[in-house]
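S.K.: Encoded as structure tokens, here's the structure I'll be asking about.
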Amino acid sequence: MIPNLKQVGRTFAAKVTGVDLRTRLDPATKDWIEDALAHYGVLALGPQKIDDDHQGSTRALVLLGNALWHTDGSQMQPPTRVSALHARVLPPSPPPTEYADMRAAWDALPGARQQEIEDLHVVHNFFWSREQIGMGIADFSEETVRLRPPVTHPLVRINPITGRKSLYLASHASHPIGWPIDEGRALIKGLIAHATRPDFVYSHDWEPDELVMWDDRWTMHRSTPYKELHPRKMRWCGARETEPV
Ligand SMILES: [Fe+2]
Numbered sequence: 001m002i003p004n005l006k007q008v009g010r011t012f013a014a015k016v017t018g019v020d021l022r023t024r025l026d027p028a029t030k031d032w033i034e035d036a037l038a039h040y041g042v043l044a045l046g047p048q049k050i051d052d053d054h055q056g057s058t059r060a061l062v063l064l065g066n067a068l069w070h071t072d073g074s075q076m077q078p079p080t081r082v083s084a085l086h087a088r089v090l091p092p093s094p095p096p097t098e099y100a101d102m103r104a105a106w107d108a109l110p111g112a113r114q115q116e117i118e119d120l121h122v123v124h125n126f127f128w129s130r131e132q133i134g135m136g137i138a139d140f141s142e143e144t145v146r147l148r149p150p151v152t153h154p155l156v157r158i159n160p161i162t163g164r165k166s167l168y169l170a171s172h173a174s175h176p177i178g179w180p181i182d183e184g185r186a187l188i189k190g191l192i193a194h195a196t197r198p199d200f201v202y203s204h205d206w207e208p209d210e211l212v213m214w215d216d217r218w219t220m221h222r223s224t225p226y227k228e229l230h231p232r233k234m235r236w237c238g239a240r241e242t243e244p245v
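Just so we're aligned, residue 1 is where the sequence shown starts under this note's numbering, counting upward by one.
Okay, here's the thing in structure tokens:
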């Protein structure tokens, strides 16, 4: 069956019906999803009556720690390529999740700025993002620190399907290689502020049993504030790139 797709964000993001994730997807549907992720970045597939057996390896998300704009798994090499979040239990007024279109953010930069930053490689450090929420390296065990060394990724990525360039930023993104740390962090902070302007953001309102899948290569996201008065259960799973980025 060919799924139906309707764009819901200004520059990206779509709602999709006609995909049942409980069944083994046929090659044509897999290709369709791959193509839709490349063009729309965020796909809301709903409703999906799935459980942990269907979603595979999962872990509960503590969304409060995800309030910074981020890209899942950028602290790893290879990083996460695609993520999915399934709404198992929603409160009466579920807080939206926000997504940013990093292609639109790249396209909107002045040409001189694009040239200046296009070839930079950026250090991504898990402990830098924790520092931004008030934690220090002393809050982690030596083992945790050893297992999470900084990695580097290009600042600009090119989508192999659409050929479009996008910024690759994250809360873990610290500074470009070869730049003084303070100056580099100011550059990254400025780029994240630019990339998350309302023009480039889609705010997703959750429906019961919905599964939202997003392309971590060219989108960022964040949770929005929520007072835990009612139960909420979201399940995350992700797949990593097969090669270093
Ligand atoms: Fe996330």
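Virtual Cβ for every residue (Gly too), placed ideally from N, Cα, C.
Fair warning: this is a prediction, and the values are worked out from it, not measured in the lab.
Beta-carbon within less than 6 Å of A38's beta-carbon, same chain only, minus the 5 sequence neighbours each way: which residues are those?
M.R.: Start at 1 with the first residue of the sequence shown, and residue 38 comes out as number 38. Cβ within range, chain order: N159, I161, T162.
S.K.: So, with DSSP's three-state summary, where would you put A186?
M.R.: Here the question's residue 186 lines up with position 186 in the sequence shown. A186: helix per DSSP, three-state reduction.
S.K.: What are the complete alpha helix (DSSP H) segments, minimum 4 residues, inside the stretch 8-58?
M.R.: Segments of the alpha helix (DSSP H) lying fully in the stretch 8-58: 27-40, 52-55.
S.K.: Between the stretch 202-222 and the stretch 163-173, are three or more C-beta pairs nearer than 8 Å?
M.R.: Touching, yes, given that three or more Cβ pairs across the two stretches are closer than 8 Å.
S.K.: Going by CA-CA distance only, name the one from V8, V151, S129 that's closest to A67.
M.R.: Here residue 67 refers to the residue found at position 67 when the sequence shown is read from its first residue. Of the candidates V8, V151, S129, the one whose C-alpha sits nearest the C-alpha of A67 is S129.
S.K.: Are R22 and H54 closer than 9 Å when you measure CB to CB?
M.R.: On the sequence shown, position 22 is the one that residue 22 refers to. On the sequence shown, position 54 is the one that residue 54 refers to. Yes, the Cβ-Cβ distance between R22 and H54 is below 9 Å.
S.K.: With C-beta atoms as the reference, is T152 less than 9 Å away from H172?
M.R.: Position 152 of the sequence shown holds residue 152. Position 172 of the sequence shown holds residue 172. No, Cβ-Cβ distance for T152 and H172 is not below 9 Å.
S.K.: List in chain order the residues whose CB is within less than 6 Å of at least one heavy atom of ligand 1.
M.R.: Listed by chain position, these are N66, H70, D72, H221.
S.K.: From A112 to P208, what does the alpha carbon distance come to, in whole angstroms?
M.R.: Reading the sequence shown from its first residue, position 112 is the one you call residue 112. Reading the sequence shown from its first residue, position 208 is the one you call residue 208. Going by the C-alpha atoms only, they are around 45 Å apart.
S.K.: Whole angstroms are fine: how far does the CA of G18 sit from the CA of H175?
M.R.: Position 175 of the sequence shown, counting from 1, holds the residue named residue 175. Position 18 of the sequence shown, counting from 1, holds the residue named residue 18. Roughly 43 Å between the two C-alpha positions.
S.K.: Apart from the five residues on each side of it in sequence, which residues of its chain come closer than 6 Å, Cβ to Cβ, to G184?
M.R.: Locating residue 184 in the sequence shown gives position 184, counting from the first residue. Contacts found: H175, P176.
S.K.: Quick check on P231: does DSSP put it in helix, strand or coil?
M.R.: The residue you call residue 231 lines up with position 231 of the sequence shown. Coil at P231, not helix or strand.
S.K.: If the criterion is Cβ atoms closer than 9 Å, does the pair T80 and R222 meet it?
M.R.: Working through the sequence shown from its first residue, we reach residue 80 at position 80. Working through the sequence shown from its first residue, we reach residue 222 at position 222. In this structure, R222 does not lie closer than 9 Å to T80 by Cβ.
S.K.: Would you check if the distance between the CB atom of G238 and the CB atom of Y99 is smaller than 9 Å?
M.R.: If you number the sequence shown from 1, residue 238 lands on position 238. If you number the sequence shown from 1, residue 99 lands on position 99. Their beta carbons are not under 9 Å apart, which means G238 does not touch Y99 by this criterion.
S.K.: What three-state label does DSSP hand L68 in the structure shown?
M.R.: Stepping through the sequence shown from its first residue, residue 68 is reached at position 68. Residue state, collapsed to three classes: coil.
S.K.: Just to confirm my understanding: we take T242, look at its own chain, exclude 5 residues before and 5 after, and list those with CB closer than 6 Å. What are they?
M.R.: Translated into positions along the sequence shown, residue 242 becomes position 242. Here the set comprises nothing.
S.K.: At the level of alpha carbons, what is the spacing between H204 and P78?
M.R.: Residue numbering aside, residue 204 sits at position 204 when the sequence shown is read from its first letter. Residue numbering aside, residue 78 sits at position 78 when the sequence shown is read from its first letter. C-alpha separation (whole angstroms): 27 Å.
S.K.: Quick check for students: name the residue ranges of the alpha helix (DSSP H) that lie wholly in the stretch 127-171, counting only runs of 4 or more.
M.R.: Segments of the alpha helix (DSSP H) lying fully in the stretch 127-171: 142-147.
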